[in-house]
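Undergrad: Residue numbers (the working numbering), protein chains in the order written: chain G, 1050 to 1531; chain D, 1050 to 1531. Encoded as structure tokens, here's the structure I'll be asking about.
Put into structure tokens, the structure is as follows:
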């Protein structure tokens, strides 16, 4: 026991150096940051963001306006180095109108919406018998003549039964089969009561589906399935979307230069874009407002921390972390100076702490800071879970230590990507506590003598991805090679 | 203690007579009824009803088709005496299309639907600034010039804060004020996440509102309210409904003649009509299918019970119990022979027993039957609660003993009047248990020597209504005079 404790102490002494600040020594500054957040007006910032532009769909005019607004916000805090950093997505898409009707055996209006990044139906819409598909494995789609002139009802509860990671490659292979066979459109069933729809697309990377696609409410989908037991069901769909070719999207990046090691940097990021059924208050208005608020309190410090802090608001997250991925590609030559990435995009739930994305060494390094500075903010927990579901993802592929804000998500999926993701669901205490945890952690990481944890090599990243069963998906979408 | 027990025994002996059948003596027959329901196909009947016609809105072609279908169902069970009994509603109404847009300060599609029994907007729709109204008391509406050319946003959470009973008279007084002032339309906020809407109308009795009216999802309503804090909000509404003048609606009534006292009758009823966001599986397809199923098992008995049983499927329940009220008016001269009314319209939840609608004597009379015959069907509980929310209502106004099937409603209001009221929510065990409770109770009431409880006089009815705080509402809507 004694030896083990001694060993830990020695490791700490080695890593931080004898001159390193302890949690209690940093506390006067981190307390100022936290207090400024608690008494600050970030809730008003979030309200401004969510009520001023409408939904911030990647590539839309509303997204661009919100990006310009964010630039002005950073500047209003006294931060000079603020810029729009453009990247390109393969296709721009904006929702128009969508209507669906059951034509026979009974006449009913159907609860549908266009899937994201799908084309319009031909003028006048499409009408056809429904063919139900509950398995999109290639061997099940061989008899593709039966799709000609039909509308394909994809049973989402079956197709995604094994999870998105397994379903995506099969679906990617199925689309050209459906298109070549002459299917009119696809309709994917949703999963929630009251025909509540979850906005989403089908392809990774803001690429346009090769045929029109709609999602349909759970109850209406089930009715079609029941009626199919008895005989043919004919439905019609009329969908009008605006699509464009390659489209420029702007990330927003601001920087506060470090006072002692300005070439070393940490990044605090959140995606600015949202889906478009609501105004993305928790996904990810809360994260966006948090990044702005943390920038504000850092800008108000008399002296910045040792290292530089970059504040990033990403576009294209909802289509596959496209903005953060583009940033990593564009800044490859300075990633070696990136000490850590802090991301916030899990909703504004009651905070828990940080996800360390599979890094046991990072968890160990964080522990004294979590205990010493974050516990009282209800942010002292550390999770080893690894995900590639938000913008820390592209950074962990390069071995960079990443922290993703960990909050109670029990209510998050009630509103996620739905019409209910609006500011009235945001609890101000939870929201501000999350912001304080980000600010305090950022200060510690930017200020401490040694980096919180080293970069890890490609093979070690691969091990983490494999453990998390993410490697195949990431290879499939082209962002990872083992 | 002894004297009290003796008194109860004497009352029982007096009421039932020495020759009356006990629960255990009736059990062989009631067991046959229950067993036939458990092995029967009422779930298929419910599926046929809910998947064959679409929503069964009162006065719609789909309602009429479902009524004709029900007639055929009764006949298919061997019941000869089946008829459509028409009544008239002041206005027919069918939903067309409805769209709403926020024009400024931001441009957004709004989640709206037409309120029931409201007219269309003028061609091209209406566009106007929003005036928020959270109190419709007459004194708050005096400065009515401010409504001219405006769209009035009624805050449902405030207006209905004291309950429907108190709100309705105020609203009834407010409509002509809004209309005369030249308001363009009213928009009522709904109360559930994801902009989920609850189909409803604003006036009792299938009367047309004097100006266009929409309901708006909770999140979209709240956004408008927040934006109104900062300045004007302009929205546009385009609503197209079909309306007609006085419209004939058919109740469906079938009868199995009693074997010994055919002039005495009990009535088993449920409303056939539904709201139109879904297919009314629990409200009240389940009740309708239950009445049909109970008719089937009674028709299959070798010998009917002593008294006649009428099976009634009502129209117009959702607009104010209009079908059952019309029936009571049309059959006033034989109500004295109506021994009891059994109603089922509280959803297909896990059964509890019966509501006795404020009648302590009825509760006492039911107790031995509940204990002896219904407990094993999970239907042994008795509630004294009095409501005028479904079709037992018009009968209790005449002092007739009424039983309203009492079930667990904890999940009912998740689907009530919403797009989610579809057959996939119906649990077959709960549904059939409810049917069995109705059948067993009906047999007992139709077969027992003495009526289960006497009619009570007008003053006693008044006392029950007053206790339940229903008297003022019922006076207001014109169905009750003290």
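All residues carry an ideal CB built from backbone N, CA and C; glycine is no exception.
(1) Which residues of chain D have a Cβ atom closer than 7 angstroms to the Cβ of residue 1155 of chain G, listed in chain order?
(2) Ignore the nearest five residues each way along the sequence and tell me which others in residue 1016 of chain D's own chain have a CB closer than 7 angstroms to its CB.
(3) For chain G, check one thing: does any of its Cβ atoms lie closer than 8 angstroms to the Cβ of residue 1400 of chain D?
(4) Since residue 1142 of chain G sits in a beta bridge, which residues does DSSP pair it with?
(5) Find the residues of chain D that neighbour residue 1471 of chain G, judging by a C-beta separation of less than 8 angstroms, and give them in chain order.
(6) Could you list which residues in chain G have their beta carbon closer than 9 angstroms to that of residue 1591 of chain D, in chain order?
(7) Does DSSP put residue 1412 of chain D in a helix, a strand or coil?
(8) Looking at chain D, is there any beta carbon in it that lies within less than 8 angstroms of the beta carbon of residue 1463 of chain G?
(9) Let me see if you follow: with CB-CB separation under 8 angstroms, is residue 1467 of chain D close to chain G or not?
(10) Does the Cβ-Cβ distance between residue 1103 of chain G and residue 1285 of chain D come in under 8 angstroms?
(11) Starting from residue 1320 of chain D and walking both ways along the beta strand (DSSP E), at which residues does that stretch end?
(12) Would residue 1583 of chain D count as contacting chain G if we go by Cβ distances under 8 angstroms?
(13) Can you grab the Cα-Cα spacing for the pair residue 1122 of chain G / residue 1242 of chain G, in whole Å?
(14) By the 8 angstroms beta-carbon criterion, what residues does the stretch 1080-1096 of chain D contribute toward chain G?
(15) Hey, how far is the Cα of residue 1392 of chain D from the Cα of residue 1273 of chain G?
(16) Give the DSSP-derived three-state secondary structure of residue 1108 of chain D in the structure shown.
(17) Can you tell me which of D/1433, D/1450 and D/1431 puts its alpha carbon nearest to the alpha carbon of residue 1440 of chain D?
(18) With a 10 Å radius around its C-beta and 16 neighbouring C-beta atoms as the bar for buried, classify residue 1415 of chain G as buried or exposed.
(19) Taking the beta carbon of residue 1349 of chain G as the centre, do at least 16 other beta carbons fall within 10 Å, making it buried, or is it exposed?
(20) Look at the Cβ atom of residue 1252 of chain G, then the Cβ atom of residue 1226 of chain G, and state whether they are nearer than 8 angstroms.
(21) For the stretch 1196-1209 of chain D, which residues have a CB atom closer than 8 angstroms to at least one CB atom of chain G, in sequence order?
(22) In the DSSP output, what is residue 1299 of chain D paired with across the bridge?
(23) For residue 1160 of chain G, which residues in chain D fall below 8 angstroms Cβ to Cβ?
(24) Take residue 1184 of chain G and list the residues in its own chain whose beta-carbon comes closer than 8 angstroms to its own, dropping the five residues that flank it on each side.
(25) Looking only at DSSP bridge pairs, what is residue 1165 of chain D linked to?
(26) Express the C-alpha separation of residue 1334 of chain G and residue 1145 of chain G in angstroms, rounding to a whole number.
(27) Closest to residue 1390 of chain G by CA distance: which of G/1151, G/1465 and G/1356 is it?
(28) Taking the alpha carbon of residue 1431 of chain G as the reference point, which residue from G/1486, G/1382 and G/1448 has its own alpha carbon closest?
(29) Quick check: the Cα distance between residue 1298 of chain G and residue 1255 of chain G, rounded to an integer number of angstroms?
(30) Can you pull out the residues from the stretch 1245-1258 of chain G whose beta carbon lies closer than 8 angstroms to at least one beta carbon of chain D?
(31) Chain D beta carbons: is any one of them nearer than 8 angstroms to that of residue 1243 of chain G?
(32) Going by C-alpha distance, which of G/1419, G/1218 and G/1518 is nearest residue 1437 of chain G?
(33) So, is residue 1129 of chain D buried or exposed, given that buried needs 16 or more other C-beta atoms within 10 angstroms?
(34) Whose C-beta lies closer than 8 angstroms to the C-beta of residue 1548 of chain D among residues of the same chain, with five residues either side of it excluded?
(35) Is the beta carbon of residue 1091 of chain G within less than 7 angstroms of some heavy atom of the ligand MN?
(36) Nearest to residue 1399 of chain G by alpha carbon, out of G/1231, G/1478, G/1410 and G/1210?
TA: Well, looking at it:
(1) Within the first chain, residue 1155 of chain G is the residue found at index 106, counting from 1. One finds 1101, 1102 and 1103 in chain D with Cβ atoms closer than 7 angstroms to the Cβ of residue 1155 of chain G, taken in chain order.
(2) The shown model of chain D, from 1050 to 1531, leaves out residue 1016 of chain D, and the question about it has no answer.
(3) Translated into positions along the second chain, residue 1400 of chain D becomes position 351. It does not: the Cβ of residue 1400 of chain D has no partner Cβ on chain G nearer than 8 angstroms.
(4) For the purposes of this step, residue 1142 of chain G is taken as the residue at position 93 of the first chain. Note: residue 1142 of chain G is bridge-paired with G/1292 in the DSSP secondary-structure output.
(5) Residue numbering aside, residue 1471 of chain G sits at position 422 when the first chain is read from its first letter. What residue 1471 of chain G touches in chain D: 1268, 1271 and 1272.
(6) Outside the displayed range of chain D (1050 to 1531) lies residue 1591 of chain D, so it cannot be described from this structure.
(7) For the purposes of this step, residue 1412 of chain D is taken as residue 363 along the second chain, with counting starting at 1. Looking at residue 1412 of chain D - three-state DSSP - the assignment turns out to be helix.
(8) Locating residue 1463 of chain G in the first chain gives position 414, where the first residue counts as 1. Cβ-Cβ to chain D under 8 angstroms: yes for residue 1463 of chain G.
(9) Residue 1467 of chain D sits at position 418 when you count from the first residue of the second chain. So yes, residue 1467 of chain D belongs to the interface.
(10) Working through the first chain from its first residue, we reach residue 1103 of chain G at position 54. Working through the second chain from its first residue, we reach residue 1285 of chain D at position 236. No, the pair does not count as a contact, with Cβ atoms beyond the cut-off.
(11) Position 271 of the second chain, counted from the first residue, corresponds to residue 1320 of chain D. That run of the beta strand (DSSP E) goes 1310-1320.
(12) An answer regarding residue 1583 of chain D cannot be provided, because it is not within the stretch 1050 to 1531 covered by chain D.
(13) As a first step, residue 1122 of chain G must be located in the first chain, where it is residue number 73. As a first step, residue 1242 of chain G must be located in the first chain, where it is residue number 193. Rounded to whole angstroms, residue 1122 of chain G to residue 1242 of chain G spans 39 angstroms at the Cα level.
(14) For the stretch 1080-1096 of chain D, the set of residues with a beta-carbon nearer than 8 angstroms to any beta-carbon of chain G comprises 1096, in chain order.
(15) The residue given as residue 1392 of chain D occupies position 343 in the second chain. The residue given as residue 1273 of chain G occupies position 224 in the first chain. Rounded to whole angstroms, the separation of the alpha carbons of residue 1273 of chain G and residue 1392 of chain D is 31 angstroms.
(16) Counted from its first residue, the second chain places residue 1108 of chain D at position 59. Looking at residue 1108 of chain D - three-state DSSP - the assignment turns out to be coil, as it is neither helix nor strand.
(17) On the second chain, position 391 is the one that residue 1440 of chain D refers to. Per the Cα distances, D/1450.
(18) Translated into the one-based positions of the first chain, residue 1415 of chain G becomes position 366. Residue 1415 of chain G is buried by the Cβ-count criterion.
(19) As a working note, residue 1349 of chain G is residue 300 in the first chain. Residue environment for residue 1349 of chain G: exposed (fewer than 16 other C-beta atoms within 10 angstroms of its C-beta).
(20) To locate residue 1252 of chain G, count along the first chain from 1; it is residue 203. To locate residue 1226 of chain G, count along the first chain from 1; it is residue 177. When the beta-carbon positions are compared, residue 1252 of chain G and residue 1226 of chain G stay at least 8 angstroms from each other.
(21) Going along the stretch 1196-1209 of chain D in chain order, one finds no residue with a Cβ nearer than 8 angstroms to chain G.
(22) Position 250 of the second chain holds residue 1299 of chain D. Answer by DSSP bridge pairing, in chain order: D/1135.
(23) Within the first chain, the letter at position 111 stands for residue 1160 of chain G. Near residue 1160 of chain G (Cβ distances below 8 angstroms), the residues of chain D are 1468.
(24) For the purposes of this step, residue 1184 of chain G is identified with residue 135 of the first chain, where counting begins at 1. Result list for residue 1184 of chain G: 1207 and 1208, in chain order.
(25) Taking the second chain and counting its residues from 1, the one referred to as residue 1165 of chain D is at position 116. According to DSSP, which records beta bridges pairwise, residue 1165 of chain D is partnered with D/1250.
(26) Your numbering for residue 1145 of chain G matches position 96 in the first chain. Your numbering for residue 1334 of chain G matches position 285 in the first chain. If you take the alpha carbons of residue 1145 of chain G and residue 1334 of chain G, they lie about 23 angstroms apart.
(27) As a position in the first chain, residue 1390 of chain G is number 341, starting the count at 1. Answer by Cα proximity: G/1356.
(28) Reading the first chain from its first residue, position 382 is the one you call residue 1431 of chain G. Taking each of G/1486, G/1382 and G/1448 in turn and checking the Cα distance to residue 1431 of chain G, the smallest one comes out for G/1486.
(29) Walking along the first chain from the start, residue 1298 of chain G turns up at place 249. Walking along the first chain from the start, residue 1255 of chain G turns up at place 206. The C-alpha of residue 1255 of chain G is placed about 11 angstroms away from the C-alpha of residue 1298 of chain G.
(30) Close to chain D, meaning a Cβ-Cβ distance shorter than 8 angstroms, are the following residues of the stretch 1245-1258 of chain G: 1245.
(31) Along the first chain, read from residue 1 onward, the residue named residue 1243 of chain G stands at position 194. Yes, because at least one Cβ of chain D sits closer than 8 angstroms to the Cβ of residue 1243 of chain G.
(32) Numbered from its first residue, the first chain carries residue 1437 of chain G at position 388. Of the candidates G/1419, G/1218 and G/1518, the one whose C-alpha sits nearest the C-alpha of residue 1437 of chain G is G/1518.
(33) Residue numbering aside, residue 1129 of chain D sits at position 80 when the second chain is read from its first letter. It counts as exposed.
(34) Summary: the structure shown does not reach residue 1548 of chain D, with chain D confined to residues 1050 through 1531, and so no result is reported for it.
(35) This structure lacks the ligand MN; in fact it carries no ligand of any kind.
(36) Counting from one through the first chain, the residue named residue 1399 of chain G turns up at place 350. Of all alpha-carbon atoms in G/1231, G/1478, G/1410 and G/1210, the one lying nearest the alpha-carbon of residue 1399 of chain G is that of G/1478.
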